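Peer 1: Just dropping this structure here.
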Amino acid sequence: MTILEAISSRRSIKEFTDRPISPDEVEQLIGAAIRAPNHRSTEPWRFYVLGPEARRAYGAALGARKAKKVDDPDAAEAVLNKVADKHAELPAMLAVSMLIDENPEIREEDYAATYMAIQNLSLAAHALGLGTHIKTGAVMDDPRSRTAVGVGSGERIVATIELGEPAAIPDPKKRRAVGEVTSWVA
Ligand SMILES: Cc1cc2nc3c(=O)[nH]c(=O)nc-3n(C[C@H](O)[C@H](O)[C@H](O)COP(=O)(O)O)c2cc1C
Numbered sequence: 000m001t002i003l004e005a006i007s008s009r010r011s012i013k014e015f016t017d018r019p020i021s022p023d024e025v026e027q028l029i030g031a032a033i034r035a036p037n038h039r040s041t042e043p044w045r046f047y048v049l050g051p052e053a054r055r056a057y058g059a060a061l062g063a064r065k066a067k068k069v070d071d072p073d074a075a076e077a078v079l080n081k082v083a084d085k086h087a088e089l090p091a092m093l094a095v096s097m098l099i100d101e102n103p104e105i106r107e108e109d110y111a112a113t114y115m116a117i118q119n120l121s122l123a124a125h126a127l128g129l130g131t132h133i134k135t136g137a138v139m140d141d142p143r144s145r146t147a148v149g150v151g152s153g154e155r156i157v158a159t160i161e162l163g164e165p166a167a168i169p170d171p172k173k174r175r176a177v178g179e180v181t182s183w184v185a
């Protein structure tokens, strides 16, 4: 698969098979991630490979946030458990964080670089026949999620990545034509 083929056929994967993902595979993907461009070589990214307990705890944090919107206590508990179970059952999941530099300019560059690393990881996974789904949201800053991940106080979680062998490949999401988003400036 060429890089252009990988870019155009990558999808966010929402359903995975039961095939386990090996530590070697995960390390190979992180190896691709850390080749990302990075101004000042700050290497701001940190990768947390979550085992089933950590995934369940992260899912429980997310589930608890969703459950707050449900009035009935039994239904709320069911929501929490469902989200926790779903996370525990994932073939693999990573949390990606970045070190928070005190300089806002460096912080912004570091955030950009960390997302370039995430894109590398997603494309490398795709090239190896695996699928990824990047997830974000306010849950990333929730103390319960941070505890689940074990992230340090000087770090910010910027994404979680669900990883596994795709069970279904979604249709491509529509994108605007190149001409609609491009200005040629003389
Ligand atoms: C920064 C970022 C955050 C995302 N957060 C979520 C998320 O919280 N939940 C979700 O379902 N998808 C999330 N996605 C995946 C996007 O929804 C997905 O990339 C988009 O629908 C386009 O589909 P594709 O990746 O298959 O091309 C995120 C993607 C990015 C780049």
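The sequence shown begins at 0 in numbering that gives the first Met the number 0 and counts up by one. Built from N, CA and C at the ideal position, the CB exists for glycine as well. Computed from a prediction, not measured in an experiment: that's the story for all the values here.
1. Just the C-alpha distance for Ser-7 and Glu-164, rounded to the nearest angstrom, thanks.
2. Cβ atoms of Arg-54 and Leu-89: under 9 angstroms apart, would you say?
3. Are the Cβ atoms of Arg-45 and Val-95 separated by less than 9 angstroms?
4. Give the secondary structure of Gly-151 by DSSP, where H, G and I count as helix, E and B as strand, and everything else as coil.
5. Can you name the residues that DSSP bridges to Lys-134?
6. On the CB-based measure, 16 or more other CB atoms within 10 Å of its CB, does Gly-30 come out buried or exposed?
7. Tell me the residue span of the beta strand (DSSP E) that contains Ala-185.
8. In the DSSP output, what is Tyr-47 paired with across the bridge?
9. Does the distance between the C-beta of Tyr-47 and the nearest non-hydrogen atom of ligand 1 fall short of 8 angstroms?
10. Could you give the C-beta distance for Val-177 and Arg-64, rounded to a whole number, given that I count them as a contact under 8 angstroms?
11. With DSSP as the reference, label Ser-21 as helix, strand or coil.
12. Please tell me whether Ile-33 and Glu-42 are closer than 9 angstroms, where the distance is taken between their beta carbons.
13. Can you tell me the Cβ-Cβ gap for Thr-131 and Ile-20, rounded? I've got them flagged as a contact below 8 angstroms.
14. Can you check which of these residues, Ile-105, Asp-140, Ala-147 and Ala-124, is closest to Leu-162 by C-alpha distance?
Peer 2: If we stick to the structure as given:
1. Spanning the two alpha carbons is a distance of roughly 18 angstroms.
2. At a Cβ-Cβ threshold of 9 angstroms, Leu-89 and Arg-54 count as neighbours.
3. Closer than 9 angstroms, so yes.
4. It is coil, neither helix nor strand.
5. Paired residues: Thr-159.
6. Result: exposed.
7. It is not in any beta strand (DSSP E) - Ala-185 carries neither H nor E in the DSSP assignment.
8. In the DSSP output, where bridge partners are listed per residue, Tyr-47 has Ala-94.
9. Not under cutoff, so the answer is no.
10. Your pair Val-177 and Arg-64 does not check out as a contact, with CB atoms roughly 38 angstroms apart and the cut at 8 angstroms.
11. DSSP places Ser-21 in coil when its eight states are reduced to three.
12. Yes, they are a contact pair.
13. Contact flag wrong, Cβ pair sits at about 11 angstroms.
14. Checking every option, the nearest Cα to that of Leu-162 belongs to Ala-124.
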